[in-house]
Amino acid sequence: MPTYKSEETKKGYAKNLRMMRPVFAEATWDQVSLPVIKGYLTKRTAKTQGNREMALLSVIWNWARGEGLTSLPWPAAGMERSKWKNKEKARKIKVRDDVFAAIYAEAAQHIKDCMDLGSATGMRLTDCITVLMPRGNLLTLEASKTGKEAEWDLNLSAVLPDLVRRRKALGADHLMLLSTADGQPVSPQALRYGWDKARSTAAEKAIERGDDELAEAIKQLYLRDMRKRAAQKAGSLEEASKLLQHSDERLTERHYGGVRRLKPVG
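Per my numbering, residue 3 is the first one in the sequence shown, and the count goes up by one each step.
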């Protein structure tokens, strides 16, 4: 199998392989036909995850062809319009200011910093915890998922300069921008625990105030949605696409843009 730099990609593929191995490990290339992979998707209870597993199987198949392990084409090649995969419904959510503020008020500082960083830059969570301290007034990043490079001018941000000042005041001896209060790098586990705790407390307080609608909205928000908030804050679809480093505005609109903003003509 090809190697990948992104730890997130490696973990995701390893998880997919664990699900697929009992079904396909003993199969020969000619035994894996389109009806077979469609049958796998039909039986798979986690429908969206099943699609991801077949996407990985396609990667493996095409790699194997390149290595001379098989001359057979991927069984679903050219079948994109036949809708052979499980139907997926994109998660629709808008990061409301009141929901953001409610969780932010209950969060530990490293969670607040991650919320600020993600919603200001559109970084993925993996990049938020691995981005290095800025040199001068420029925050630079090579995205872990795509390898694309980006720079942000701190002078143009309302929240990032304060984040950098707080980080410098900690005196931590690591190079990451985000840090815990005791000067340690922020781990994925620390993000998950801190976010869940802040979100739970915020929801409980909303319920105590009798605001069940706000509580439910709080429960539905994920820390990764700060990337969506960044897209919302962008002035246009074009700006959002650039911020998220998408090569196609249609991708931005489908996953992050929500309703297209139109200008009335009269």
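Glycine included, every Cβ here is placed at the ideal spot set by N, Cα and C.
Among all the DSSP beta bridges, which residues are the ones paired with M178? M178 pairs with L134.
Residue from E210, M21, L180 with nearest C-alpha to A110: The shortest Cα separation from A110 among E210, M21, L180 belongs to L180.
Considering just the uninterrupted stretch of the beta strand (DSSP E) at A152, what are its terminal residues? Run containing A152: 151 to 155, per the beta strand (DSSP E) assignment.
Sequence-distant residues of its chain with Cβ nearer than 8 angstroms to A107 (five each side left out): Hits under 8 angstroms: A204.
How about V38 and P75: are their beta carbons less than 9 angstroms apart? No. Outside cutoff.
Quick one: give me the first and last residue of the beta strand (DSSP E) that E144 is part of. Unbroken beta strand (DSSP E) run through E144: 140 to 144.
Please specify which runs of the alpha helix (DSSP H), each continuous and at least 4 residues long, are wholly inside the segment 99 to 132, giving them in chain order. Correct list: 99 to 108, 111 to 123, 127 to 130.
Using only the alpha-carbon positions, how far apart do F26 and S84 sit? Roughly 23 angstroms separates the two Cα atoms.
Within a Cβ cutoff of 6 angstroms, which residues of the same chain sit near V161, ignoring the five residues on either side of it in sequence? Once the five neighbours on either side are set aside, the close Cβ partners of V161 are D118, A122.
Can you name, in chain order, every residue of its own chain whose Cβ lies under 6 angstroms from the Cβ of L223, other than the five neighbours on each side? Within the same chain, Cβ atoms closer than 6 angstroms to the Cβ of L223 are found at V101, the five residues on either side in sequence being excluded.
Among H112, E90, G14, K91, the one whose alpha carbon lies nearest that of L225: For L225, the nearest C-alpha among the options comes from H112.
Using C-beta distances below 6 angstroms, list every residue in its chain close to R231, excluding the 5 sequence neighbours before and after it, in chain order. Counting only Cβ-Cβ distances below 6 angstroms, and skipping sequence neighbours, we find V97, S121.
Closest to S73 by C-alpha separation, out of M81, W63, Y195, E82, would be which residue? Relative to S73, the option among M81, W63, Y195, E82 whose CA is nearest is W63.
Buried or exposed for W154, going by 16 or more other Cβ atoms inside 10 Å? Counting the other Cβ atoms within 10 Å of the Cβ of W154 gives 16 or more, which makes it buried.
Let me know the secondary structure DSSP gives P77 once reduced to three states. Reduced to three states, the DSSP call for P77 is coil.
For my contact list, K150 and W86 are in at a C-beta cut-off of 8 angstroms; report their separation, rounded to the angstrom. In this structure, K150 and W86 do not form a Cβ contact; the two beta carbons are roughly 31 angstroms apart against a cut-off of 8 angstroms.
E55 burial status per 10 Å Cβ neighbour count (16 or more: buried): So E55 counts as buried.
Closest Cα partner of I220 within the set Q234, A236, W197: Per the C-alpha coordinates, the member of Q234, A236, W197 positioned closest to I220 is W197.
Do the CB positions of L36 and M81 come within less than 9 angstroms of each other? Against a cut-off of 9 angstroms, the Cβ pair of M81 and L36 comes out as a contact.
Taking the C-alpha atoms as reference points, what is the distance between E210 and E218? For E210 and E218, the distance between alpha carbons rounds to 13 angstroms.
Can you say whether T132 is buried or exposed, counting buried as having 16 or more other CB atoms within 10 angstroms of its CB? Counting Cβ neighbours within 10 Å, T132 comes out buried, since at least 16 surround it.
Please classify Y15: is it buried, with 16 or more other beta-carbons within 10 angstroms of its beta-carbon, or exposed? Sixteen is the threshold: when 16 or more other Cβ atoms of the shown chains lie within 10 Å of the Cβ of Y15, as they do, the residue is buried.
Rounded to the nearest angstrom, what separates L193 and D184 at their Cα positions? When the Cα atoms are used, L193 and D184 turn out to be separated by approximately 15 angstroms.
Spatial neighbours of L140 within its chain, please: C-beta separation below 8 angstroms, excluding the five flanking residues on both sides. Result list for L140: E153, W154, D155, L156, in chain order.
Going straight from the alpha carbon of L71 to that of A29, what length do you get? Roughly 14 angstroms between the two C-alpha positions.
Taking the C-alpha atoms as reference points, what is the distance between D99 and C130? Using only the alpha carbons, I get a separation of about 21 angstroms.
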